[in-house]
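Heads up: the protein sequence lines correspond to chains F and R, in order. If you count by our numbering, then the first sequence holds residues 1 to 158, one letter each, in order. If you count by our numbering, then the second sequence holds residues 159 to 316, one letter each, in order. Working notes, beginning with the structure itself.
Number of protein chains: 2
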Amino acid sequence: MTKTEPHKRLNHGKGIIDQIAHECLLMRVRKLDRVLTGIYDAELRPFGLKASQTTLLVFVAKAGPVRRIEIGKCLCLDPSTLTRNLKIMLTNGWIQEIADGEDGRGLPVQITVQGRDLLNQIGPFWRKAQTRTEKFLGNDGATLLRKLAANKMEVSSR
Amino acid sequence: MTKTEPHKRLNHGKGIIDQIAHECLLMRVRKLDRVLTGIYDAELRPFGLKASQTTLLVFVAKAGPVRRIEIGKCLCLDPSTLTRNLKIMLTNGWIQEIADGEDGRGLPVQITVQGRDLLNQIGPFWRKAQTRTEKFLGNDGATLLRKLAANKMEVSSR
DNA sequence: TGGATAATATTGCATATACAAATAGATCTT
DNA sequence: AAGATCTATTTGTATATGCAATATTATCCA
Numbered sequence: 001m002t003k004t005e006p007h008k009r010l011n012h013g014k015g016i017i018d019q020i021a022h023e024c025l026l027m028r029v030r031k032l033d034r035v036l037t038g039i040y041d042a043e044l045r046p047f048g049l050k051a052s053q054t055t056l057l058v059f060v061a062k063a064g065p066v067r068r069i070e071i072g073k074c075l076c077l078d079p080s081t082l083t084r085n086l087k088i089m090l091t092n093g094w095i096q097e098i099a100d101g102e103d104g105r106g107l108p109v110q111i112t113v114q115g116r117d118l119l120n121q122i123g124p125f126w127r128k129a130q131t132r133t134e135k136f137l138g139n140d141g142a143t144l145l146r147k148l149a150a151n152k153m154e155v156s157s158r
Numbered sequence: 159m160t161k162t163e164p165h166k167r168l169n170h171g172k173g174i175i176d177q178i179a180h181e182c183l184l185m186r187v188r189k190l191d192r193v194l195t196g197i198y199d200a201e202l203r204p205f206g207l208k209a210s211q212t213t214l215l216v217f218v219a220k221a222g223p224v225r226r227i228e229i230g231k232c233l234c235l236d237p238s239t240l241t242r243n244l245k246i247m248l249t250n251g252w253i254q255e256i257a258d259g260e261d262g263r264g265l266p267v268q269i270t271v272q273g274r275d276l277l278n279q280i281g282p283f284w285r286k287a288q289t290r291t292e293k294f295l296g297n298d299g300a301t302l303l304r305k306l307a308a309n310k311m312e313v314s315s316r
């Protein structure tokens, strides 16, 4: 056992397939995303609100009248994604465009009364989803995720 | 300051909007997903391979001939998602369906020679993306994510 | 002031994702 | 063996997401 096969020994003895399967950080984040999205979506379904729309609505509520470009920078979302996602929310009457008279390149959006009402309604259900998530992750897991987020993913940073 | 407004004091003095903005675990995971997906996609773009396809291809490579239902259980993916995602990979010749003669409800898939070659080719680029991700998260962040994943998100578990 | 450049938003195209309903094959039950 | 039930897959529909290209408005500068 003193000899190794060179073509298989370039990375600690693991081929690229095993290496990706065992180490890929993205794979894990995406799976986590799918599971958690399922939890929140299920709780919010009665309101016709998707989890990702909730995030957007909350951001718009906090950021006041805000342009798509700024939303995109804060949430790491492509402008084209925002055009389409916000369109649905405009149609649903949760947000509205307002005139600002300063920059003719599109209009800022703000939350409507209905949008705010909806957020207040979903409160308990969002909390239920959050609790289910914490239970799923375990106390340690939830703490880890919070630390990870606080570190590099502060959503509310502007 | 002995009195509080009841309608605003149900959750440590925060309205639901602030509460979601500051605490929502899903919001953070989704943003993290978008950022990391961008990193891996950028590195793999020259190969015409999306990050999520890489995950699928690696799983199929390791699981040998495998049915959609089992892939779905392991990766927490809806069967209907798999039908469509695998179709693209079949078209590209990275995987193939094989006859198994036991169960007529659809055919298991396995990786092709081209698929395996592709995985070997992307090795260095996947590693570059992984390194960029670790740099982005910081050593602490990467460690946290690994622990989180090891805890509840073991992808290779069958 | 007029043309070049930059910034914002949208559109076309492609993939990722899930739920609900439909389809088709397997299994069980009597 | 026929019908009921369960399992695996696909299809229809809708949202989420990003890149490339386009359109429109702002800004800069010579």
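All C-beta atoms, glycine included, are put in the ideal place defined by N, C-alpha and C. Just so we're clear, the structure is a prediction, and the values are computed from it rather than from any experiment.
Can Y198/R and W252/R be called in contact, C-beta distance under 9 angstroms? In the second sequence, residue 198/R corresponds to position 40, counting from 1. In the second sequence, residue 252/R corresponds to position 94, counting from 1. No. Outside cutoff.
Which value, in whole angstroms, describes the spacing of the CA atoms of D100/F and L32/F? If you number the first sequence from 1, residue 100/F lands on position 100. If you number the first sequence from 1, residue 32/F lands on position 32. A straight-line Cα-Cα distance of about 40 angstroms links D100/F and L32/F.
Proximal chain R residues relative to K147/F, where beta-carbon distance stays under 9 angstroms: Along the first sequence, read from residue 1 onward, the residue named residue 147/F stands at position 147. Result: D298, G299, L302.
In chain R, what lies closer than 8 angstroms to E23/F by C-beta? Counting from 1 along the first sequence, the entry for residue 23/F is found at position 23. Result: Q288.
Counting Cβ pairs closer than 8 angstroms, one from the segment 55–69 of chain F and one from the segment 136–144 of chain F, do we hit at least three? Touching, no, given that fewer than three Cβ pairs across the two stretches are closer than 8 angstroms.
Within this structure, are the beta carbons of I69/F and A63/F separated by less than 9 angstroms? Counting from one through the first sequence, the residue named residue 69/F turns up at place 69. Counting from one through the first sequence, the residue named residue 63/F turns up at place 63. 9 angstroms or more divides the Cβ of I69/F from the Cβ of A63/F.
In the structure shown, what three-state DSSP assignment does E260/R receive? By one-based count along the second sequence, residue 260/R stands at place 102. Note: E260/R maps to coil in three-state DSSP.
Give the single residue among N120/F, L145/F, L90/F, R132/F whose Cα lies nearest to the Cα of R42/F. Here the question's residue 42/F lines up with position 42 in the first sequence. Correcting the residue type first, residue 42/F is Ala in the shown sequence and not Arg. It is R132/F.
Residue range of the unbroken beta strand (DSSP E) whose run includes V109/F: Against the first sequence, residue 109/F aligns to sequence position 109. Its beta strand (DSSP E) spans residues 109–111.
Straight-line CA distance for A150/F to L194/R? By 1-based counting over the first sequence, the position of residue 150/F is 150. By 1-based counting over the second sequence, the position of residue 194/R is 36. Straight-line measurement puts the Cα of L194/R at about 16 angstroms from the Cα of A150/F.
Between K135/F, A21/F, K50/F, I16/F, which has its C-alpha nearest C232/R's C-alpha? As a first step, residue 232/R must be located in the second sequence, where it is residue number 74. Nearest C-alpha to C232/R: A21/F.
Does any heavy atom of the ligand GDP sit closer than 8 angstroms to the C-beta of D199/R? Ligands in the displayed structure: none, and consequently the ligand GDP is not present.
Spatial neighbours of M247/R within its chain, please: CB distance less than 7 angstroms, with the 5 preceding and 5 following residues excluded, ordered by chain position. As a working mapping, residue 247/R is identified with position 89 in the second sequence. Cβ neighbours of M247/R beyond the five flanking positions: Q211, L214, L215, I253.
Excluding five sequence neighbours on each side, which residues of the same chain lie with their C-beta closer than 6 angstroms to the C-beta of A129/F? Position 129 of the first sequence, counted from the first residue, corresponds to residue 129/F. A distance below 6 angstroms between beta-carbons, with the five flanking residues on each side excluded, links A129/F to the following residues of its chain, in chain order: I39, Y40, E43.
Flag W252/R as yes if its beta-carbon sits less than 9 angstroms from any beta-carbon of chain F, otherwise no. Counting from 1 along the second sequence, the entry for residue 252/R is found at position 94. Not a single C-beta of chain F is nearer than 9 angstroms to the C-beta of W252/R.
Find out if the Cβ-Cβ distance for the pair I98/F, V109/F is shorter than 9 angstroms. Taking the first residue of the first sequence as position 1, residue 98/F is located at position 98. Taking the first residue of the first sequence as position 1, residue 109/F is located at position 109. Closer than 9 angstroms, so yes.
Which residues share a DSSP beta bridge with Q96/F? As a first step, residue 96/F must be located in the first sequence, where it is residue number 96. Under DSSP, Q96/F shares a beta bridge with Q110/F.
Can you give, in chain order, each stretch of the alpha helix (DSSP H) that sits fully within the segment 186–264 of chain R and has at least 4 residues? If we require 4 residues or more, the alpha helix (DSSP H) runs fully inside the segment 186–264 of chain R come out as 209–221, 226–233, 237–249.
If I280/R and L207/R are in contact, beta carbons under 8 angstroms, what's the gap, nearest whole angstrom? Here residue 280/R corresponds to residue number 122 of the second sequence, with the count starting at 1. Here residue 207/R corresponds to residue number 49 of the second sequence, with the count starting at 1. The pair is a contact, with the Cβ atoms about 6 angstroms apart (cut-off 8 angstroms).
Here's the rule I'm using: 16 or more other beta-carbon atoms within 10 Å means buried, otherwise exposed. How should G264/R be labelled? Here residue 264/R corresponds to residue number 106 of the second sequence, with the count starting at 1. Around the CB of G264/R, fewer than 16 other CB atoms lie within 10 Å, so the residue is classed as exposed.
Considering only the beta carbon of each residue, do L145/F and L295/R sit closer than 9 angstroms? Working through the first sequence from its first residue, we reach residue 145/F at position 145. Working through the second sequence from its first residue, we reach residue 295/R at position 137. Between L145/F and L295/R, the C-beta gap is not smaller than 9 angstroms, which leaves the two residues out of contact.
Please state whether DSSP places G173/R in a helix, a strand or coil. The residue you call residue 173/R lines up with position 15 of the second sequence. It is coil, neither helix nor strand.
Exposed or buried, what is G104/F when buried is set at 16 or more other beta-carbons lying within 10 Å of its beta-carbon? By one-based count along the first sequence, residue 104/F stands at place 104. Result: exposed.
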